[in-house]
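Under my numbering, the first residue of the sequence shown is numbered 218, with each subsequent residue one higher.
These notes concern the structure reproduced below.
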Amino acid sequence: MIYKQFKDLSLSALGFGAMRLPSTGGGYGAPIDYDKARALLRAAYEGGINYFDTSYFYHNGDSEAFLGKTLSEFPRESYHVASKLPGNLIRKEGAQLDVSGRTFKNPRELFDFQMNRVGVDYFDFFLLHNVSEATYSNYTNPDLALVELMVELKSQGLIKHLGFSSHGRADTIEKFLNFLNEKKILSEFEFAMIQMNYLDDLLQGAGKKHECLSKAGLETFVMEGLRGGKLARPGEKAEALFKNLRPHDSPSAWAFRWLQSRGPFKVILSGMSSMEQLKENLDLFSRSDPLNPAEEEVIKKVIEEITERVPCTACGYCTEDCPQHLDIPLLLSMYNEAGYDMGWFLHAAIRSLKEEEKPSACIACGACSPLCPQNIDIPKILEDFSSKIGA
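Given below as structure tokens:
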């Protein structure tokens, strides 16, 4: 196992994500198959993994309790457990907070509930869950004061290392970092976990997010290296491109080796649900094997094969004469992502837009098209995007 230095800790480069544990019903959120999940977690620990990540709502809340109970069989100082405050789910109802049907008097009671459910006296790592366009208002709400609470809990030793996760876009992450800086608590946040893979480097500007974090002094942890498993099965033509160069490597191996070629990242999470996946990943992270130039070209060809994109370069010329003042480059980037997968994180980003910011606000005046160096028929694309959202 490769290990990375984080502060005074030595973290396994491969982290275990407890979001997709072996289950009895199949699919995300299904009941945990405890016998298989325990065997998998123990094998991960024995294979050298020492970073274990869970969340308030993974497997409908059972993940936190399962992870804590299983890890308690090992010496506490030999592993690092991470969970997340579900600020993205908090709804304030009078004097109470509703979090997915369970009520709490305040955010501190919610944190205590999580700590008791995991069965620990402190969290090694604790994150604000998914700071994004749809959740930004919750995390910056002065009535909830979530970031201030996290800093206070850290000062009490209940959180050893504080961070946040995000499926949001780079400008949203930068805005949140600026918010923390204005609060004079940015230095209390040590890391952030972002969605990073060879596809979202293009579709979501994941590399820009990493640069933004590095500039602010935060370390980057990675999630969704396989984009929810989709890059493990990219399609017959894409897999043939991989096999032509490395016949014995799986698409998953290519995706993780792409991540090894970037960074530096302290931890790369994988939501493993079988011994086969664990064995392959332990082998991949037993050595550094970054992509060579020829393999980088194969990745580009695979991206071309599995996506349909308009060639927007985000130059911004199209916005100069837009009477609706639309952020056209942002909408085109969302359109490109929708062409691959209308995932929940894209739905959330679209919902966060005001009506006058959505593609349906385009009046098809055509003022933008002559200004586009790539000759994109922008009104047509925005009309198509609006139809996809409606569908």
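Glycine included, every Cβ here is placed at the ideal spot set by N, Cα and C.
Query	Result
Do you know how far the Cα of Glu512 is from the Cα of Leu375?	44 Å
If you run the structure through DSSP and keep just helix, strand and coil, what is Gln412?	strand
Per the contact definition of three or more C-beta pairs closer than 8 Å, is the region 393-411 in contact with the region 363-379?	yes
Just checking my contact of Phe393 with Val348 at CB under 8 Å: how many whole Å lie between their CB atoms?	5 Å
In terms of alpha-carbon separation, which member of Ala261, Lys454, Glu574, Leu547 lies closest to Gln494?	Ala261
Nearest-angstrom Cα distance between Asn355 and Leu570?	16 Å
Nearest to Gly424 by alpha carbon, out of His378, Pro481, Asn277?	Pro481
Can you grab the Cα-Cα spacing for the pair Met559 / Asp594, in whole Å?	22 Å
Out of curiosity, what's the CA-to-CA distance linking Ala409 and Asn461?	36 Å
Out of Ser467, Phe502, Val316, Pro324, state which residue places its alpha-carbon closest to the alpha-carbon of Ala230.	Phe502
Tell me whether His465 sits in a helix, a strand or coil according to DSSP, three-state version.	coil
For Ser272, does the three-state DSSP call read helix, strand or coil?	coil
One question on the structure: do Arg526 and Ala351 come within less than 9 Å of each other, judged by their Cβ atoms?	no
Looking only at its chain, what residues have a beta carbon closer than 8 Å to the beta carbon of Ala449, apart from the 5 residues adjacent to it on each side?	Leu443, Ser467, Pro468, Ser469, Ala472
Is His427 helix, strand or coil when you go by DSSP?	helix
Measuring alpha carbon to alpha carbon, tell me which of Asn267, Arg237, Ile580 ends up nearest Lys483.	Asn267
Given 8 Å as the limit, is there contact between the region 372-392 and the region 424-436, that is, 3 or more CB pairs closer than that?	yes
Apart from the five residues on each side of it in sequence, which residues of its chain come closer than 6 Å, Cβ to Cβ, to Lys176?	Here the chain covers residues 218 to 608 and nothing more, so residue 176 does not appear.
Classify Val299 as helix, strand or coil using the three-state DSSP reduction.	Reading off the sequence, residue 299 comes out as Ala, not Val. Strand, per DSSP.
Within the continuous alpha helix (DSSP H) that includes Gly285, where are the two ends?	279-288
Do the CB positions of Leu314 and Leu327 come within less than 9 Å of each other?	yes
For the candidate residues Glu572, Lys597, Asn592, whose alpha-carbon lies nearest to that of Ala581?	Lys597
With 16 as the cutoff for other CB atoms within 10 Å, does Ser317 come out buried or exposed?	exposed
Please report the residue range of the alpha helix (DSSP H) in which Val519 lies.	510-523
Where DSSP assigns a beta bridge to Thr437, which residues make up the other side?	Ala409
Runs of 3 residues minimum, wholly inside the region 322-406: which ones carry the beta strand (DSSP E) assignment?	340-345, 376-383
Could you give the residue range of the alpha helix (DSSP H) that holds Asp417?	417-420
Spatial neighbours of Tyr534 within its chain, please: C-beta separation below 6 Å, excluding the five flanking residues on both sides.	Leu588
Given Cys538, which residues of its chain have a CB within under 8 Å of its CB, disregarding the five upstream and five downstream residues?	The amino acid occupying residue 538 in the given sequence is Asp; Cys does not appear at that position. So the list reads Ala584, Cys585, Leu588, once near-sequence residues are dropped.
Report the residue ranges of all alpha helix (DSSP H) runs contained in full by the region 536-582; include only those spanning at least 4 residues, in chain order.	545-557, 561-568
Could you tell me the alpha carbon to alpha carbon distance between Arg259 and Lys447, rounded to whole angstroms?	26 Å
Taking the straight line between their C-alpha atoms, what separation do you get for Thr287 and Gln421?	36 Å
With distance defined between alpha-carbon atoms, name the residue in Phe562, Glu281, Thr530, Ile523 nearest to Ser550.	Thr530
Spatial neighbours of Lys253 within its chain, please: C-beta separation below 7 Å, excluding the five flanking residues on both sides.	Pro239
DSSP three-state label for Phe502, please.	coil
Just to confirm my understanding: we take Gly295, look at its own chain, exclude 5 residues before and 5 after, and list those with CB closer than 7 Å. What are they?	Residue 295 is actually Ser in this sequence, not Gly. For Ser295, where only same-chain residues beyond five positions count, the Cβ hits under 7 Å are Asn267.
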